[in-house]
Structures are given as structure tokens and as C-alpha cells.
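Visitor: Structure provided below as C-alpha cells; questions to follow.
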Amino acid sequence: MLHSYVVSYHLPLAIARLSLGLINDSMEQRIEGVDSVNLFTIEDAIKGILLAAERTENAEIWNIGGSRDYLAEDVRQVSTSKVKKVGILVLNGNDSTCSASPSTLNCEKARNELGFVAEGDEIKALSHLRESPTIPQPAQSAAKILIYGSKGWIGRQFIQLVQKQDIAYVEATTRPGTDADEIIRDEIVRVAPSHVVSMIGRTHGDGRWSW
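Note that my numbering numbers the sequence shown so that position 155 is 163, with each residue one more than the last.
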């Protein structure tokens, strides 16, 4: 949906799609239930995002990730005690070779057109992550939703849902299909949402809704 809005309203944006294995404090939650994970460092992520930000003219989508995949179970078991060298971890107190394989995340486009190459030391970054003190995460979601059609019956139900979940939202003041594209674009850029949801059109319920 994000890409559709970027294209439809000619937003000056590029979309950087980051690997699930971005090494930060929330990584363990993200990799629950997966068998392998493409690890890469915060430094490489920043480099990739900045390179993508220079190419905003065609609403391009860039995959940004590391050069290797690792077994998720190995990653979850990494000890904080020591890291001898790249590819050697301490698992459950014993030296072990971390199982790595070529990346399954296709970053060829970013490599060829942006010159992006992940160069960070993933194993060292994992070690530093485990050695850092855990900082409690805020309970409130980091999402911010821009909602079109919030006055309709379904829209009001959706508003109640996000309120119960303590998710930030903004009710759009413009109307796609009626207002000029430039006005819609300016609102999206101004609000800077993480998600855009549109419920404009015929709704269930009593059929009466207004803007």
C-alpha cells in the first residue's frame, strides 16, 4: 500500500526495505519463528538508507541487508562471554562455528545501482548487543496511522480499535478522489505516517457517513 501511495501521489520518496536481521535491541522479537536470518549492522543500514534517499525520483524499492544468512537458533543462543573472530561464536559456553550461508535477500539492485555493499562485522555487532544493558521499550506502539474515511461506520470501528491498542493515528482532512493530488501529497508528507489506511467508499452498517 505504501508504494501505491508513493506512486499515485508522486511523493518524493524512496522505499528502503530492511532485512529482518537488523542487529538492534528488538531483533530477537523479530526473528521469532524463523529458521534463518540475514544479519546486518546498524551502520550498514544507515549507509543503505542514505544512498536510497539520494534516488527518490521514481519511487524505487531497495532491499538493504547483509551478505550472509545465519541460523536463527545460533543467533538466539549467542553468549555474551566472548567472540574469537568472525564466524566463531560461543554457544552455551562452548566454541562453535556459526552456520552461515549466502544471503537469500536479493540486494543486487541496491548493489548495482546504489553501490551499496554491507561491510559491517555482524558477529562483533551481536556481541556488543548482548554486552549492552537492556533498555526497557515503551509499551506504546511506534506506529502512526494516517486514516482516510475515518468518519464512516467502518472507519469509526477502526478508530476504536487503534485507540484500544494505544496506537497513534491521525484522521485525514483531505479526500482522495476529490482533492487535488498535490493537496493529498502535502498531507501525507506533513503527517509522515508509518502506515496509510483508506476506508473511503460504501461501508456496512446504516449506510450513513459523512466527511
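We treat Cβ as the ideally placed atom computed from N, Cα and C, and that holds for glycine.
1) Over the uninterrupted alpha helix (DSSP H) stretch that includes A77, give me the two end residues.
2) Tell me the residue span of the alpha helix (DSSP H) that contains V197.
3) Among all the DSSP beta bridges, which residues are the ones paired with P110?
4) Taking C-beta to C-beta, are N71 and K117 nearer than 8 Å?
5) Shortest alpha-carbon distance to D129 belongs to which of I50, S107, V14?
6) Please classify S34: does DSSP put it in a helix, a strand, or coil?
7) Among all the DSSP beta bridges, which residues are the ones paired with W70?
8) Which residue wins for smallest C-alpha separation from N32, given the options L137, S107, R198, G163?
9) Helix, strand or coil for V45, going by three-state DSSP, please let me know.
10) Once you ignore the five residues that flank M207 on each side, which residues in its own chain have a CB closer than 8 Å to its CB?
11) Quick one: residues in its chain with C-beta nearer than 6 Å to the C-beta of A60, no 5 flanking neighbours on either side, listed in chain order?
12) Between P201, S111, I131, E179, which has its C-alpha nearest S221's C-alpha?
13) Cutting at 6 Å between CB atoms, please list the residues of its own chain near V199, excluding the five before and the five after it.
14) Report yes if the CB atom of A126 is closer than 8 Å to the CB atom of D52, and no otherwise.
15) Please classify K172 as buried or exposed, where buried requires at least 16 neighbouring CB atoms within 10 angstroms.
16) Measure the CB-CB distance between R193 and L19 and report whether it falls below 8 Å.
17) Return helix, strand or coil for A176, following the three-state DSSP convention.
18) Would you report the Cα separation of S202 and A133, rounded to the nearest angstrom?
19) May I ask you to report which of helix, strand or coil DSSP gives V170?
Guide: So, from the listed chains and residues:
1) It is Asp, not Ala, that sits at residue 77 in the sequence shown. Where D77 is concerned, there is no enclosing alpha helix (DSSP H), although the beta strand (DSSP E) it sits in stretches over 76-79.
2) Judged by DSSP secondary structure, V197 falls within the alpha helix (DSSP H) whose first and last residues are 189-199.
3) DSSP lists R76 as partners of P110.
4) Yes, the Cβ-Cβ distance between N71 and K117 is below 8 Å.
5) Comparing Cα-Cα distances from D129 to each of I50, S107, V14, the minimum goes to I50.
6) In this structure, S34 counts as coil in the three-state DSSP scheme.
7) Partner(s): A24.
8) Comparing Cα-Cα distances from N32 to each of L137, S107, R198, G163, the minimum goes to L137.
9) Strand.
10) These residues qualify, in order along the chain: I155, Y156, G157, S158, G160, I162, G163, F166.
11) Here the set comprises A22, A24, W70.
12) Nothing in the structure corresponds to residue 221, since the chain is present only between 9 and 219.
13) Cβ within range, chain order: L154, V178.
14) The Cβ-Cβ distance between A126 and D52 falls below 8 Å.
15) Exposed, because fewer than 16 other Cβ atoms sit within 10 Å of the Cβ of K172.
16) Contact: yes.
17) In this structure, DSSP gives A176 an extended state, which the three-state scheme calls strand.
18) CA-CA distance, S202 to A133, rounds to 27 Å.
19) Correct three-state label for V170: helix.
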